[in-house]
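Asker: Dropping a structure here in structure tokens format, bear with me for questions.
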């Protein structure tokens, strides 16, 4: 077999040499024919004969090479090589199993599945430790690898391990990197390559990082491949290499033509043909001896940089340049793939007008063999792998900077076309984007309109539902009010249940501006004292949560009613304590910061409503609210009881300052000079100027906001700052009071005042309560928006204010429940307390005023509790007492609540027609027997009492003292109530959490004693809970100062009375 192989090698070399000589002869003949011009040579017959001979020799050479490669070889045993006999397997050429040798290029549109399968196959080939690596090598390349993970047993001497199949699957076996792509050229194999086996194939081809395995397939220690004795190399592959290089040259010529290279720059066909390899070149290409057995990892190291470099100038390569020809000769085996990469690099540099680029051939070869270029996507004209493609340049940084320069692409070849395409693309993108955005805006607008319409429709349905509900509540209220009016007399004399809801139905803005709004609503705990009537049961809805200490306190306090009648303080609490119930709506826990009024909290408290319905089931009951609110009707309708109060719309109309003036004017009650329903600045200035002209004696004018309460919505302006006022007084004296009422007499003064009023208001008008309206500008803004009144302040240095509580019964009667003189706070309009009964106005005149006001309210369907504020003073000219009605408050007042507590603890009655608080006389513990009969026949004498009370005593230091400690302190200081004497001090506790406010009532036989007791209690409490360094925020001092003024006036009045009596 060795002789056959040796002879076959010689025959192959001969055939290849003959084929090469014939091809050279044909080319020379073609050149000689081209050089001869004008002469015709009959060389066609010779040319045809040479071609037929060349083709026949070529076909026989190919069949021979195919046959000689399909043979069976054996590997000798390593342990005892010289003792082994060589057995050659039977040679059976099988031409059907020879694979197709021509390379096939991947289709441009490869499917994703094929790409994934190819990538997966490459990963298996690069991982020799994978269990499927051996099968893939055998299926794809016909290489049968040994089992690396199986330990073979010891081979006995004389045995051989026969490996069937060809040592080389085909001539198309290429290194690992180039095998990734089908369009790589198939390198020819010589006999030496075939004899080297697998390791030679792995080392074959240009050095690249991907040509090595992680682990060598044949370990040097396990088996050494020795060179055969008949190692004469065959040159049979010379013809194959020559033919392959001829194809590469033709492909290079085609690429140059595509790139636009001119005629002189094109490579001639003969430039691609290399001479046949000599023995020295074959020895250089095929390593011998130990060099072939060197570890493969050494070949994985990158080659030294700057080998086989060539230059690309103005985007083109000079094919005749020595450096490029050297690079081409060195990489002739994979020149087709390298030529494609060079063309791609040329196109890139040409497009970006790169003047000069130095290409490192070794880097380019490594990049191509690694398969990192995206041939399927980018191709020659793609720029997906620009970064990787430019990495093969020696001056990479300079070229990359130039490529990244904005607009550089449009300076290169086809720049105008690329710019035009770019502009068109941008314009189309802008137009499409604009259309899309326009469509999106229309879609958004349509959605917004649809949602808005749905919300509007839903809101309309909710409004209609609320209107229907409130209309039903109003109709039910009117029907129940008629029934209540018909049965009122019977109801007041029979057993009944009164549901007290101390609600302050102010506007939402007012409620949020009030500090501690829940405690402010709970200042009327005296409503519980309605149980002094044995036929009355009270359900009190408390807007804040009361602790056990407060519940126990009120239970003990109200239980003293029996002790008051028996005059025995040691009696246990009687049945009155069982006739009241205190409920707290559960909604106050869910809405702690919403500042809801008590009726709204009760409306959203179903548990409290169910309990109230259970307590009033089968009983006569009615509801008494506070400041009217629309939710009062809802609560009354939910409980099914009538409401003792006006309709919310009526209360909103007549509960304002302007509405009160209309009621007072219709009742014929004297009111301060002024004007109501002022809504514009011009109207304000004109009215003020006219009032100043008509009433020159008034020193101060008041401005009151409609809808506000107390002194919150009040401001004042002193007219003494008007420079024309002295002149106006002279004009008044000159004309006299009679003619001064005529318009012509006032015209000049009115003009002067009209000019002075704007500056007067801007400079000297001030609000009373700066916490709500800090400046006149702020007050004026709300005044013009809400409306208000202008009123004169009484022209006197001594002004007394008093409050009268009325009850307009549904039956038509008007009753006076309480009357008292006011104790003013820091401002002249802020009420801090009162003293009952009033002593400032004649009782008959006061009763007449109150009855007229009550009837006027009844005519306007204003029912229930209301309070009338009056002021009295002496007229400076005539010294006659004047009484003006200044305000009307609809609702249950704090004064009335404390009056009920006073009547309960004294067992007395308040007669407002005589302004007397009468209590039963003090009984002797053991009266003599001779006096018993006379006392039985004579009526019991009555005694008078005076009470000073305040429902809002504020001191922040009170929160540091528990109520039990507070009462112990009061007991130690002698502050208490004497049940037998029916005089002393009483307290109303308002909350269990803050404990910073409370109410107090002092009862004494005379007004002076009650005032002194009240002032002493304030002083003692302040001293006990305060220190020099911690005074706290309090209104104790202002109230004590006002009490001192009242005491001074009282002493002066008493002296005048004694002097008049002595004079008489």
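Numbering (our numbering), first residue to last: 252 to 1315.
Cβ atoms here follow ideal geometry from the backbone N, Cα and C, with glycine treated the same way.
Determine the burial state of residue 1128: buried for a count of at least 16 other Cβ atoms within 10 Å of its Cβ, exposed for fewer.
Answerer: Mapped onto the chain shown, residue 1128 falls at position 877. Residue 1128 is exposed by the Cβ-count criterion.
Asker: Going by DSSP in three states, residue 932 sits in which element: helix, strand or coil?
Answerer: As a first step, residue 932 is located in the chain shown; it is residue number 681 there, counting from the start. If DSSP states are grouped into helix, strand and coil, residue 932 belongs with the helices.
Asker: Along the chain, where does the beta strand (DSSP E) that runs through residue 955 open and close?
Answerer: As a working mapping, residue 955 is identified with position 704 in the chain shown. Here the beta strand (DSSP E) through residue 955 covers 951–956.
Asker: The beta strand (DSSP E) with residue 1169 in it runs from where to where?
Answerer: Indexing the chain shown from 1 puts residue 1169 at position 918. Element bounds for residue 1169: 1167–1170.
Asker: Only counting the same chain, and skipping five residues up and downstream in sequence, which positions put a Cβ closer than 6 Å to that of residue 839?
Answerer: Along the chain shown, one-based indexing puts residue 839 at 588. Counting only Cβ-Cβ distances below 6 Å, and skipping sequence neighbours, we find 852.
Asker: Looking at residue 773 and residue 795, is the spacing between their C-beta atoms short of 8 Å?
Answerer: Counting from one through the chain shown, the residue named residue 795 turns up at place 544. Counting from one through the chain shown, the residue named residue 773 turns up at place 522. Closer than 8 Å, so yes.
Asker: Take residue 1011 and list the residues in its own chain whose beta-carbon comes closer than 8 Å to its own, dropping the five residues that flank it on each side.
Answerer: Taking the first residue of the chain shown as 1, we reach residue 1011 at position 760. Only 968, 970, 972 and 973 meet the Cβ criterion.
Asker: I'd like the list of long-range same chain contacts for residue 922, defined as Cβ closer than 7 Å, with 5 residues on each side in sequence excluded.
Answerer: Stepping through the chain shown from its first residue, residue 922 is reached at position 671. The answer, listed in chain order, is 912, 915, 916, 1135 and 1136.
Asker: Per DSSP, what kind of secondary structure is residue 1056 in: helix, strand or coil?
Answerer: By 1-based counting over the chain shown, the position of residue 1056 is 805. Reduced to three states, the DSSP call for residue 1056 is strand.
Asker: How should residue 817 be labelled, buried or exposed, when 16 other C-beta atoms within 10 angstroms of its C-beta is the threshold for buried?
Answerer: For the purposes of this step, residue 817 is taken as residue 566 along the chain shown, with counting starting at 1. Label assigned to residue 817: exposed.
Asker: Check the C-beta distance from residue 1233 over to residue 1203 and give it rounded, since I have them as a contact under 8 Å.
Answerer: In the chain shown, the residue the question calls residue 1233 occupies position 982. In the chain shown, the residue the question calls residue 1203 occupies position 952. In fact, because the Cβ distance is near 25 Å, the residues do not count as touching under 8 Å.
Asker: What span of residues does the alpha helix (DSSP H) with residue 569 cover, start to end?
Answerer: For the purposes of this step, residue 569 is taken as the residue at position 318 of the chain shown. Premise fails: residue 569 is in no alpha helix (DSSP H) and is neither H nor E.
Asker: Leaving aside the five residues before and after residue 1289 along the sequence, list all residues of the same chain whose C-beta is less than 8 Å from its C-beta, in chain order.
Answerer: Mapped onto the chain shown, residue 1289 falls at position 1038. The residues are 1076, 1077 and 1083.
Asker: When the Cα atoms are used, what is the spatial distance from residue 581 to residue 614?
Answerer: Reading the chain shown from its first residue, position 330 is the one you call residue 581. Reading the chain shown from its first residue, position 363 is the one you call residue 614. Rounded to whole angstroms, residue 581 to residue 614 spans 13 Å at the Cα level.
Asker: Counting only the same chain and skipping the five closest in sequence on each side, list residues whose C-beta sits under 8 Å from that of residue 1316.
Answerer: The structure shown does not extend to residue 1316, since the chain is modelled only from 252 to 1315, so the question has no answer here.
Asker: Considering only residues of the same chain and omitting the five flanking positions on each side of residue 1164, which have a CB-CB separation below 8 Å?
Answerer: One-based indexing of the chain shown puts residue 1164 at position 913. Correct list, in chain order: 1067, 1094, 1095 and 1098.
Asker: To the nearest angstrom, how far is it from the Cα of residue 1158 to the Cα of residue 1278?
Answerer: Translated into the one-based positions of the chain shown, residue 1158 becomes position 907. Translated into the one-based positions of the chain shown, residue 1278 becomes position 1027. Going by the C-alpha atoms only, they are around 39 Å apart.
Asker: Between the C-alpha atoms of residue 885 and residue 892, what's the straight-line distance to the nearest angstrom?
Answerer: The residue you call residue 885 lines up with position 634 of the chain shown. The residue you call residue 892 lines up with position 641 of the chain shown. Each residue's alpha carbon lies about 11 Å from the other.
Asker: Going by beta-carbon coordinates alone, are residue 830 and residue 745 separated by less than 8 Å?
Answerer: In the chain shown, counting from the first residue as 1, residue 830 sits at position 579. In the chain shown, counting from the first residue as 1, residue 745 sits at position 494. No, they are not a contact pair.
Asker: Which residue or residues does DSSP assign as beta-bridge partners of residue 1042?
Answerer: If you number the chain shown from 1, residue 1042 lands on position 791. Its beta-bridge partners are 925 and 953.
Asker: Classify residue 648 as buried or exposed, calling it buried when 16 or more other Cβ atoms lie within 10 Å of its own Cβ.
Answerer: To locate residue 648, count along the chain shown from 1; it is residue 397. Residue 648 comes out exposed.
Asker: Just to check my reading of the structure: residue 982 and residue 1008 have Cβ atoms closer than 8 Å, yes? What is that Cβ distance to the nearest angstrom?
Answerer: Within the chain shown, the letter at position 731 stands for residue 982. Within the chain shown, the letter at position 757 stands for residue 1008. Actually they are not in contact, since the Cβ atoms of residue 982 and residue 1008 sit about 17 Å apart, beyond 8 Å.
Asker: Give the single residue among 1152, 1294, 276 and 951 whose Cα lies nearest to the Cα of residue 1041.
Answerer: Counting from 1 along the chain shown, the entry for residue 1041 is found at position 790. Of 1152, 1294, 276 and 951, the residue nearest in Cα terms is 951.
Asker: If you compare alpha carbons, which of 375, 784, 1249 and 1156 is closest to residue 1255?
Answerer: Along the chain shown, one-based indexing puts residue 1255 at 1004. The candidate whose alpha carbon is nearest that of residue 1255 is 1156.
Asker: So, is residue 513 buried or exposed, given that buried needs 16 or more other C-beta atoms within 10 angstroms?
Answerer: As a first step, residue 513 must be located in the chain shown, where it is residue number 262. Unreliable positioning characterises residue 513 in this predicted model, as indicated by a pLDDT of 38, which lies under 50. The coordinate reading is nonetheless provided below. With fewer than 16 Cβ atoms within 10 Å of its Cβ, residue 513 is classed as exposed.
Asker: Rounded C-beta distance between residue 1105 and residue 1087? I'm assuming under 8 Å.
Answerer: In the chain shown, the residue the question calls residue 1105 occupies position 854. In the chain shown, the residue the question calls residue 1087 occupies position 836. Contact flag wrong, Cβ pair sits at about 19 Å.
Asker: Going by DSSP, what residue range makes up the beta strand (DSSP E) through residue 755?
Answerer: As a working note, residue 755 is residue 504 in the chain shown. No beta strand (DSSP E) contains residue 755, which DSSP labels as neither H nor E.
Asker: In three-state terms, what does DSSP make of residue 687?
Answerer: Along the chain shown, read from residue 1 onward, the residue named residue 687 stands at position 436. It is helical.
Asker: Label residue 957 either buried or exposed according to how many other C-beta atoms from any shown protein chain fall within 10 Å of its C-beta, with 16 as the threshold for buried.
Answerer: Taking the first residue of the chain shown as 1, we reach residue 957 at position 706. So residue 957 ends up on the buried side.
Asker: Is it buried or exposed for residue 704, if we count other Cβ within 10 angstroms and need 16 for buried?
Answerer: In the chain shown, the residue the question calls residue 704 occupies position 453. Classification of residue 704: exposed, given that the 10 Å Cβ count is below 16.
Asker: Okay, do the region 1252–1267 and the region 1211–1220 touch, 3+ Cβ pairs below 8 Å being the bar?
Answerer: The region 1252–1267 is not in contact with the region 1211–1220.
Asker: Taking Cβ to Cβ, would you say residue 1153 is nearer than 8 Å to residue 1198?
Answerer: Here residue 1153 corresponds to residue number 902 of the chain shown, with the count starting at 1. Here residue 1198 corresponds to residue number 947 of the chain shown, with the count starting at 1. The answer is yes: Cβ separation under 8 Å.
Asker: Output yes or no for whether 8 Å exceeds the beta carbon distance between residue 1074 and residue 1226.
Answerer: Start at 1 with the first residue of the chain shown, and residue 1074 comes out as number 823. Start at 1 with the first residue of the chain shown, and residue 1226 comes out as number 975. Not in contact: residue 1074 and residue 1226 (Cβ atoms no closer than 8 Å).
Asker: Near residue 1246, which residues of its chain fall below 6 Å by C-beta distance, leaving aside the five closest residues on each side in sequence?
Answerer: Working through the chain shown from its first residue, we reach residue 1246 at position 995. Cβ within range, chain order: 1209 and 1210.
Asker: Which ranges does the alpha helix (DSSP H) cover as unbroken runs of at least 4 residues, wholly within the region 795–870, from first to last along the chain?
Answerer: With a minimum length of 4 residues, the continuous alpha helix (DSSP H) runs that stay inside the region 795–870 are 799–809, 812–817, 838–841, 849–854 and 857–866.
Asker: The beta strand (DSSP E) spanning residue 1378 covers which residue range?
Answerer: No answer is possible for residue 1378: it lies beyond the span of the chain, which begins at 252 and ends at 1315.
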